[in-house]
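Each residue of the sequence shown is one higher than the last, beginning at 1 in my numbering. Contents: one structure, followed by commentary.
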Amino acid sequence: MKYNFDEITERRGTYSLKWDGGEFIKSHGLTERYDEETIPLYTADMDLPVPQPMIDALHKTVDHKIFGYSIFPEAYFEAIQQWFLKRHDWEIQKDAIIYSPGTVHALHVAVKAFTNPGDGIIIQRPVYPPFTGAIEGNGRTVVNNALVCDEEGYYTIDFEDFERKAKDENTKMFILCHPHNPTGRLFTREELEQLADICAKNDVLIVADEIHGDLIRRNQTFIPIAKAAKRADHIITCTAINKTFNVAGLHCTNVIIPNEGYRETFRKTLGMHLASPFTITALIAAYTEGEDWLDQLKEYIDGTIEYVMGFLAERMPKVKTRIPEGTYLMWLDFSGYGLSPEEVHDRIYNKANVLLEDGGMFGEEGRQYQRICLPSPRPVIKEALERIAREFEAENGN
Ligand SMILES: Cc1ncc(COP(=O)(O)O)c(C=O)c1O
1 MKYNFDEITE RRGTYSLKWD GGEFIKSHGL TERYDEETIP LYTADMDLPV PQPMIDALHK
61 TVDHKIFGYS IFPEAYFEAI QQWFLKRHDW EIQKDAIIYS PGTVHALHVA VKAFTNPGDG
121 IIIQRPVYPP FTGAIEGNGR TVVNNALVCD EEGYYTIDFE DFERKAKDEN TKMFILCHPH
181 NPTGRLFTRE ELEQLADICA KNDVLIVADE IHGDLIRRNQ TFIPIAKAAK RADHIITCTA
241 INKTFNVAGL HCTNVIIPNE GYRETFRKTL GMHLASPFTI TALIAAYTEG EDWLDQLKEY
301 IDGTIEYVMG FLAERMPKVK TRIPEGTYLM WLDFSGYGLS PEEVHDRIYN KANVLLEDGG
361 MFGEEGRQYQ RICLPSPRPV IKEALERIAR EFEAENGN
């Protein structure tokens, strides 16, 4: 089936955090302005309908009319195993799979299960802000191995710094974001292997958040760290249909823990969590019948990114960015305008009435940046960019 991703689906009035959550968003300091004209492109949630086979399967579940406690059928695990084998050449043992009602939840569980208050946990800023929340919110310490950005806006790992920090006795865990949100980096096999080696040597447990792993450019390859590593018994990987198939509201993360001891510890801290019949149904349909949709979606997102690159080059050439290798996010460097981050924020959020995410939320390193989420119909993206460009062209002559 051919999907028309240009079609706009009204999301206001559907309890959408992105489109109905103005007061919540304001109270969290993301913006001062939020009204019916706001275009919110801040949360990693698509404004695009999910694959038709998922909708059909969910209808069938509704039509049953009873929504009791559910078990995970064999088909659930098989669907996960087949998907990762086929799409990423990664073999997962059924026993290694543990369901969690969300990825951020799984990160909190891992931090609590495997570290003690005060322990150091490495992250690579600028990075998805809830990593910091999972660490500091549980009384642990952030150890920042900041990514290094070159002239071309390409981020790489400072391995010397990483190794020094991993060697510190107080460092117990590394939370990897791969593909990296917000920089869009897909790490190479060599980089992943080196990270895994250093952590193995220094007894640092890796928790890999790989939930953007399916959402990469069509000319790129995603390699799970557990596959790149020489051994995976010190690696816990979070996978999810939440991002790939736009079902964050169904809370479906699967944590892959090959090490039996770690698995039991994680399970104990997690407690008992059954998934809803909708979640189970959605996962099976997504992973067994959603490939065609995903391939079309990737093509569409590649096209949107190309559009944004062209638009910026023409209308806002002072914004520096590059095509991300993975994720549907773009990381925009506004430093070329010579404005303060507060002034950039004011023009975009208050004047253009577009809601992005201030780079400073991802760490001090991101202060000059804005993150934009692109999985919306292209007409929405075009309108948002037009509005933003007007605010920067008006006084600043591009
Ligand atoms: C890297 C990363 N991890 C986790 C999440 C949230 O995942 P979940 O909704 O499964 O908690 C996001 C959402 O944007 C994300 O970008």
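Glycine included, C-beta positions come from ideal geometry on N, C-alpha and C.
- Secondary structure of residue 378 (DSSP, three-state): helix.
- With a cut-off of 7 Å, the C-beta of residue 181 is classified as near ligand 1, since at least one heavy atom of the ligand falls inside that distance.
- Here the alpha carbons of residue 68 and residue 324 stand approximately 42 Å from one another.
- Residue 334 is a Cβ neighbour of residue 368, given a cutoff of 8 Å.
- Residue state for residue 90 is assigned as coil, using DSSP reduced to three classes.
- By the Cβ-count criterion, residue 1 is exposed, with fewer than 16 other Cβ atoms from all chains shown falling within 10 Å of its own Cβ.
- Pairing residue 200 with residue 121, the inter-Cα distance amounts to about 15 Å.
- Counting only runs of 4+ residues, the alpha helix (DSSP H) found wholly inside the segment 141 to 229 occupies 159 to 167, 189 to 201 and 225 to 228, in chain order.
- Looking from the CA of residue 341, the closest CA among 160, 330, 364 and 322 belongs to 364.
- Under the 10 Å beta carbon count, residue 50 is surrounded by 16 or more other beta carbons and is classified as buried.
- Taking the Cα positions, residue 349 is about 5 Å away from residue 355.
- Within the segment 242 to 280, the complete beta strand (DSSP E) segments at least 3 residues long are 253 to 256, listed from N- to C-terminus.
- By the 16-neighbour rule on beta-carbons within 10 angstroms, residue 304 is buried.
- If you check the CB distance, residue 186 and residue 222 come in under 8 Å.
- Using a 10 angstroms sphere on the CB of residue 174, the tally of other CB atoms reaches 16 or more, which defines it as buried.
- Going by C-alpha positions, residue 190 is about 8 Å away from residue 228.
- In the three-state reduction of the DSSP assignment, residue 62 falls in the helix class.
- Remark: the shortest separation between the CB of residue 128 and any heavy atom of ligand 1 falls under 7 Å.
- DSSP places residue 20 in the uninterrupted alpha helix (DSSP H) bounded by 17 to 20.
- Out of 38, 78, 377 and 76, the CA that lies nearest to the CA of residue 297 is found in 377.
- Excluding residues up to 5 positions away in sequence, 5 lie with their Cβ nearer than 7 Å to the Cβ of residue 300 in the same chain.
- Of 193, 282 and 259, the smallest CA-CA separation from residue 250 is found for 282.
- Note on residue 164: under 16 other CB atoms within 10 angstroms of its CB, so exposed under the neighbour-count rule.
- DSSP places residue 315 in the uninterrupted alpha helix (DSSP H) bounded by 291 to 315.
- Rounded to the nearest whole angstrom, the C-alpha separation of residue 210 and residue 178 is 5 Å.
- Contact check between the segment 95 to 106 and the segment 266 to 285: three or more CB pairs, one atom from each, fall below 8 Å, which counts as touching.
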